[in-house]
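In the numbering used here, the protein residues as written are 188 to 604.
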């Protein structure tokens, strides 16, 4: 029955203009309305909790390959523990394709959390003579005449939509009113505590970046594009969050994840131009690595150099470090910076290239940390850089950089509406 449900549901999504009804053991398991709207079929299949996070994709045909990509993809808040929800149709036929899966997952790099997988229902249409459908007994696999062109068309279409439309996270748990004595400045010390309780401090699970396996704490997708509106910096909270006023509410910015996203996009642009700025050390450092780290250095010397790391073997497990990328120039321990970047890249299991892994962890290690005090000028500059960054609402590991409390929510909580 499970296999039947999977097959029927896939074809109900492939042909939303037709009405599908699946009955099992005397009860209706699902029924699609046949309205021709993919969103309606998805609503019947997966419910409102999924559909409200979906972005509709309708890219024009690629002028070089004639490939057209359309369907629906999940925003940053919609992700799954496995790849079961990556569904592909090629010219109306349900297919399994490692290449199409890789194209979508590459487009989502840095958008969904590490270890999670995107949600996508995509139809790929192309000239019939550009693919071979007779490579699998059940017709579940196809061979593309120009696989690289198909890969690029899918990856670019998905990435472009994410950059244009991926929403800001919005915190939706109630903000409880508190009745506390005012401090000397006339301000309640708990005024801005989300979910504050009269009998104690905010519990650890009341954080704005709650993990995805706690649905009642998870941020909900808000409407709007991925670029932030102009924000006015109000101050720093807990030496971790930058508090900002926006045109439509209050924004809390995680200073580490925000700076990480800014540095990552900057490094990617510099890498594309083969012009990553490097800082030459006044005195070369000798660093002792683990055998695993040294193996990566030996294999990736050229990649490391392109990213601003000038490293030379020195015998045994020791290397000499002569330059570091500019993004790491403020790292408190330059000797440890290389080892930290290598460790992060080694243990990253997302299937990224070594160059991308090293880029991600260089950005992560170069970013300001939670607990670092920032001046008002530093906060303003970071927010301005974040406003100009694509996919500014998540860090390289898919964690939110920004959480929004809307004006309407604040007005409700204070009894103004």
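The beta carbon of each residue, even a glycine, is placed where N, CA and C say it ideally should be.
Every value quoted in this text rests on a predicted model; they were computed, and no experiment measured them.
Using a Cβ-based criterion (distance less than 8 angstroms to any ligand heavy atom), does residue i qualify as near the ligand ZN?
i	result
residue 466	The ligand content of the structure shown is nil, which means the ligand ZN is not present either.
Cα-Cα, which of the options is closest to residue i?
i	options	result
residue 583	568, 501 and 452	452
residue 524	480, 236, 577 and 456	480
residue 415	423, 425, 435 and 426	435
residue 259	233, 339, 252 and 472	233
residue 549	516, 287, 561 and 568	516
residue 224	216, 204 and 456	204
residue 419	570, 277, 468 and 257	570
residue 444	257, 547 and 222	547
residue 327	276, 221 and 244	276
residue 241	261, 333 and 215	261
residue 271	216, 190, 278 and 345	190
residue 221	339, 477, 200 and 307	200
residue 502	484, 510, 345 and 265	484
residue 255	489, 599 and 338	338
residue 308	266, 215, 487 and 424	266
residue 470	487, 511, 490 and 442	511
residue 498	490, 508 and 561	508
residue 500	520, 477 and 301	477
residue 490	518, 520, 519 and 532	532
How is residue i classed by DSSP in three states: helix, strand or coil?
i	result
residue 473	strand
residue 239	coil
residue 315	helix
residue 492	helix
residue 196	helix
residue 204	coil
residue 441	strand
residue 561	coil
residue 501	strand
residue 566	helix
residue 551	helix
residue 581	strand
residue 218	strand
residue 352	helix
residue 422	strand
residue 224	coil
residue 525	helix
residue 572	helix
residue 587	strand
residue 328	coil
residue 254	coil
residue 245	strand
residue 336	helix
residue 259	strand
residue 463	coil
residue 230	helix
residue 347	helix
residue 455	helix
residue 310	strand
residue 633	The shown model of the chain, from 188 to 604, leaves out residue 633, and the question about it has no answer.
residue 213	coil
residue 133	Residue coverage of the chain in this structure runs from 188 to 604, which leaves residue 133 outside it and unanswerable.
Leaving out the 5 sequence neighbours to the left and right, which residues in its chain are closer than 7 angstroms to residue i when beta-carbon positions are compared?
i	result
residue 335	none
residue 576	448, 449 and 452
residue 197	274 and 281
residue 342	290, 293 and 294
residue 257	244, 245, 246 and 310
residue 340	249, 252, 254 and 256
residue 288	270 and 273
residue 388	Because residue 388 carries a pLDDT of 31, less than 50, the predicted location of this residue cannot be relied on, and the following value inherits that uncertainty. Counting only Cβ-Cβ distances below 7 angstroms, and skipping sequence neighbours, we find nothing.
Shorter than 9 angstroms from the beta carbon of residue i to some beta carbon of chain B?
i	result
residue 345	Reference to chain B is not applicable here, since this structure consists of a single protein chain.
Leaving aside the five residues before and after residue i along the sequence, list all residues of the same chain whose C-beta is less than 6 angstroms from its C-beta, in chain order.
i	result
residue 394	At residue 394, the pLDDT of 26 sits below 50, so the modelled position is not reliable and the matter cannot be decided from this model.
residue 522	472 and 474
residue 379	Because residue 379 carries a pLDDT of 31, less than 50, the predicted location of this residue cannot be relied on, and the following value inherits that uncertainty. So the list is empty, once near-sequence residues are dropped.
residue 574	415
residue 243	259
residue 346	294
Excluding sequence positions up to five away, which residues of its chain have a Cβ less than 8 angstroms from the Cβ of residue i?
i	result
residue 253	313, 314 and 317
residue 298	263, 305, 349, 353, 578, 581 and 585
residue 238	226, 229 and 230
residue 493	458, 461, 463 and 542
residue 161	Only positions 188 to 604 of the chain appear in this structure, which leaves residue 161 out of reach.
residue 421	430, 431 and 432
residue 466	495, 510, 511, 512, 513, 515 and 516
residue 423	429, 430, 442, 560, 561 and 566
Practice problem: Would you check if the region 518-531 and the region 269-286 touch, i.e. whether three or more CB-CB distances between them fall below 8 angstroms? | Solution: no
Practice problem: Flag this pair as touching only if the region 239-257 and the region 303-319 have three or more C-beta atom pairs under 8 angstroms; answer yes or no. | Solution: yes
Quiz prompt | Runs of alpha helix (DSSP H) lying entirely within the region 267-306, each at least 4 residues, in chain order | solution = 285-294
Quiz item: Below 8 angstroms, can you find three or more Cβ-Cβ pairs linking the region 586-594 to the region 552-565?
Solution: no
Quiz item: Is it a yes or a no for the region 424-440 touching the region 534-547, going by three-plus beta-carbon pairs under 8 angstroms?
Solution: no
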